[in-house]
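In what follows, a single structure is set out as structure tokens and then discussed.
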Amino acid sequence: MTVEELVAAVVALAIVSAKRLGAGLANRAMEGVEQSVADRLGRLYRWVAGRLPGEEGAALIDEAGRSPAAQALLRRRLVLALGGDPAGVEELRVLLSPHAPVLAHVDSLLPESSGIPRQLPLAVADFTGRGRELARLVEAAERAGGGKVCLVHGPGGIGKTAVVVQAARRLMPSFPDGQLFVDLNGAEEHPAAVGEVLADFLVALGVPRGRIPDEEAGRTRQFRTESADRRVLIVLDNAASEQQVSALMPGGSSCSVLITSRQGLATLAVDERVALPGLDEGSAWDLLRRIGGGDRVDEDPEAGRDVVRLCGGLPLALRIAGARLATFPARTVGSFARDLADDYRRLDVLSLGERSVRAVFRAGYQALPSLQQRAFRLLSALDTPDLPAWALSPLLDVDADAADACLEGLLLAHLVQARRGGADSQRIVLHDLARGFSKERAAEQPADKSDSAVRRLLGALLSAADAADAQLRPAGVRHSGRGGAVRRPPPYDAVAGDVWQAVEWFEAERVVLVAAVAHAHARGWWELCWEITDAMSIALEHQWRWNISSQVHELALDAADRLGDGGARAALLRNLGEALRDGSDVGRAAECFSEAIALFHSSGDAHGESDALGNLGILQRQQGELQEAERTLTAAESLFRALPLERGLAWTLRERAVISRHHAHYTEALAQLDEAQDLFAANEETRGVGWILRTRADTEKESTVGGCPLPRRWYTGPWPGCDVTSRPAQDPRWAAARTHYEHAAQTLHAVRDHRGHAWATLGLADMALYEGDPTAAELISRALQETDACGDHRGHSRALTVQAMLHAQANHLSEAITLAEQALAGPRDHVGAAQANFRLARLYGAAGRHHDVLHTLRQSRTHHHAAGMPFPDLADTELCRTLNRPVPRAHRFRRHQ
């Protein structure tokens, strides 16, 4: 027997002696023995009392007969006293040896346990991650003041029990009087009965079953009494409710409680509340390798990453996936990942033996009230990662208060998650695996009920999109004809109240709107399909989401054709032309605009016709077809003035100013910009003002250098309209250009116009190149990132030419030529190609590639003339001499103050 077991036995017999029960037991158990049992029990009593100083031993023995807490204390004191006394241990062993038969009979009268429970389950050997959560739990449980209650909550399979057991094992030294553990079966149909749990706790603490009250309230009181003077850690796993947990709270301030639950237990008073998230990618990868086998997973790391991603950070899913890989070694990780990628099979694949992700979700789902079950089924109807919280109201056809209460129930059950959206809103998030389970449950319901719910949601989304669209174009509609789809008023706080809220709203709901268009098309809801697309078109233009815009407009065009609605087709063609124009399919863009113009004209829709004309003019101007663009824009301007439609007129004037600038008609360009800016300001169209500021800066900058594509240190030859002796630094227009670029960048950033902001940054970078300013490198790096991010190929090519010149100045001439050649390999327009070819010719000249200089110079001349832009009236050989020079030394010039 160990020292602890010897001490437990001697304390039990000492208590028997103190209660004067020994003689009767001895007569029944020890007949014929020479020395009476009563005498021997007395010897043990005296031995125990003598081991402790003074009268403490006798007092503790007497108290131990009434209190398991005193029994535990007596055992600890004796173990401590015998710790360094092997002779005393041997003496005790000899004293106890005659009492084995007696000990067999006293169990029914003594406590069933030693009073120091050690009930914690083993910690999982492959526990991974969770360092921050463990630190929070351990720190809270040991915090000064005692009596700490910590709650770990989260969805089923997230690893709550594993985390709490890890924390509890780290805390064991701080709780020497034991650790209690119970599974409260909160996820089951019948949770654990509190009275039975209390009885088990009392027995574990050393209370004889005969002394445990029958009623639950009495057991609660006794549990609090027994735990009052002990340092015990209590783990309540899988709690069902606040009421269940409250009855199991200890009575003293020296105990701590760790609770896990799938419910949030919102009204439970706790000291530390830990919402357990999914594992991060690194921890999930480590867990999969530890269970599935590191060598096995490393054979195909890409497939392994797919498995991790598809498990969504859910430890249960990762454990099942790893177990499958380990159990079936002949199966490749790649084939397993492919099976897991199948939306219809994923939950089947994540099941092995008695472990199943589906079972976890089913338990949570079945515990929900019917309205919450319905909400959970409908949340997966749209293929979108999240939905605005207000979407539950139209989906369920209930008022906002009822929808909010329903969402709170789903959140407390951890079947959905919420994240903070813009302003004061929140968004509903379904875990990918929960989404799969939601779709399974939805498939069991009649399709017409789901369709009705989703149509209500799409009607509300369309109404909100209408309101946001109106804020983005306050000067008026682009065309007539939208309004056939059935709308549903969205909640008041879901509607954008100004242009800033409209920008934020479209940014937040873009993915949802795209999913709505796809769903409407799939279900044959043609009006909803094309009208939602049209309502979001201007926002997609502002956000420069050309690929997305093209995708939804193709679906919407099909919807319009199925309706036989020529007005809808015209509007959508105009929108699609915008997307294709800036998405580099300029040929089809021109076809879309031309057909839209004809359809609008035949239907008498002057709003739509003028807008389509204006957009065609922009396309022609961007391609450097300046004469054709001028004619088209002039026609659009006439229509805009006749309507009148000030917004369209302002944009048209801005485009005409760009053409005037390219033709070196700077005074005319500035006058057109003045009128356009006044119109935008009068209509409170901030984005338009930002574009005018940027175009004004372009005009001021180019007028200062006469439109010459190169700084004077790079090119000293003649240029039409440029004084060879002039110094831009001394010209106030140069300083004005910088100010206007900076203001444009701030304004366009504020309205989330990423492409407009990129062009303002590009203008500042070009100025820094002319100045020899070292900040040019940082500016052009940002411009390249921004143009690449928003898919602006023309802007990206322009930025590459600036970067090429900077590389040349840094003595990287070969790399500079490569960059300049890449710029010309992008989208070709006369204006951009004219500038890019001239700069490349100069780089070829610095490299001594004279034949290439001549060829590229001629290309530049051709593009300048095609666009009607000024170009030096010199023979090619004379111009080549000015370009065949070494790279100049970079220097800065003094800016005009």
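Residue numbers (the numbering used here): 160 to 1056. For glycine and all other residues, C-beta sits at the position ideal for the given N, C-alpha and C. Source: prediction; values computed, not measured.
- Look at the region 893-962 and you find these whole runs of alpha helix (DSSP H), each 4 residues long or longer: 913-930 and 935-948.
- Of the residues G985, T811, G568 and R1017, the one whose Cα lies closest to the Cα of G423 is G568.
- Around the CB of E461, fewer than 16 other CB atoms lie within 10 Å, so the residue is classed as exposed.
- Annotation for A626: V654 and A655 place their beta carbon closer than 7 Å to its own, counting only its chain and skipping 5 residues before and after.
- Rounded to whole angstroms, the gap between the alpha carbons of A480 and R505 is 11 Å.
- For V848, the closest alpha carbon among the candidates H821, Y825, A823 and R806 is that of R806.
- A straight line joining the alpha-carbon of E355 with that of G345 spans about 15 Å.
- The criterion of a C-beta distance shorter than 8 Å is satisfied by I418 and V308.
- For a cut-off of 8 Å, the C-beta gap from L357 to E375 is around 7 Å, short enough to register as a contact.
- Of all alpha-carbon atoms in P648, G683, E686 and D628, the one lying nearest the alpha-carbon of R669 is that of D628.
- Sequence-distant Cβ neighbours of V169 in its own chain, meaning closer than 8 Å and more than five residues away, are L203, W206, V207, L237, L251, L254 and L255.
- DSSP places P1029 outside both helix and strand once states are collapsed to three, so it counts as coil.
- With respect to R813, L785 sits apart: the two C-beta atoms are not nearer than 8 Å.
- As summarised for the region 776-827, the continuous alpha helix (DSSP H) elements at least 4 residues long and confined to that stretch are 785-801 and 805-821, given in chain order.
- Per DSSP, the beta bridge partners of S415 are L392.
- For L310, the three-state secondary structure derived from DSSP is strand.
- In the three-state DSSP reduction, A526 falls in the coil class, being neither helix nor strand.
- CA-to-CA, the gap between E930 and W893 works out to about 10 Å.
- Take the alpha-carbon of I450 and the one of P276: they are about 32 Å apart.
- In its chain, beyond the 5 residues on either side, A765 have a beta carbon closer than 8 Å to the beta carbon of A801.
- With a cutoff of 8 Å on beta-carbon distance, I587 and L473 are scored as not near each other.
- In the pairwise beta carbon analysis, the region 954-974 is classified as touching the region 914-931: at least three pairs are separated by under 8 Å.
- By the C-beta density criterion, R914 is buried, having at least 16 other C-beta atoms within 10 angstroms.
- Taking a C-beta distance under 8 Å as the contact criterion, L716 and L739 do not qualify as a contact pair.
- Per DSSP, the continuous beta strand (DSSP E) segment holding E431 begins and ends at E431 to A434.
- By the CB criterion at 8 Å, A771 and Q779 fall outside the cutoff.
- With contacts defined by Cβ atoms closer than 8 Å, A1026 and H966 do not form a contacting pair.
- Under DSSP, A398 forms a beta bridge with S420.
- The distance from the Cβ of A294 to that of R328 is about 14 Å, inconsistent with a contact at the 8 Å cut-off.
- By a beta-carbon distance limit of 8 Å, N706 does not contact G954. Their separation comes to about 16 Å.
- P553 sits close to A619, with the two beta carbons spaced by under 8 Å.
- In terms of Cβ geometry, R517 and S510 form a close pair [threshold 8 Å].
- In this structure, V1046 lies away from A995, with their beta-carbon atoms at least 8 Å apart.
- Rounded to the nearest whole angstrom, the C-alpha separation of D556 and A612 is 7 Å.
- Boundaries of the beta strand (DSSP E) harbouring V588: Q585 to V588, taken from the DSSP string.
- Residue pairing from DSSP leaves L852 without any beta-bridge partner.
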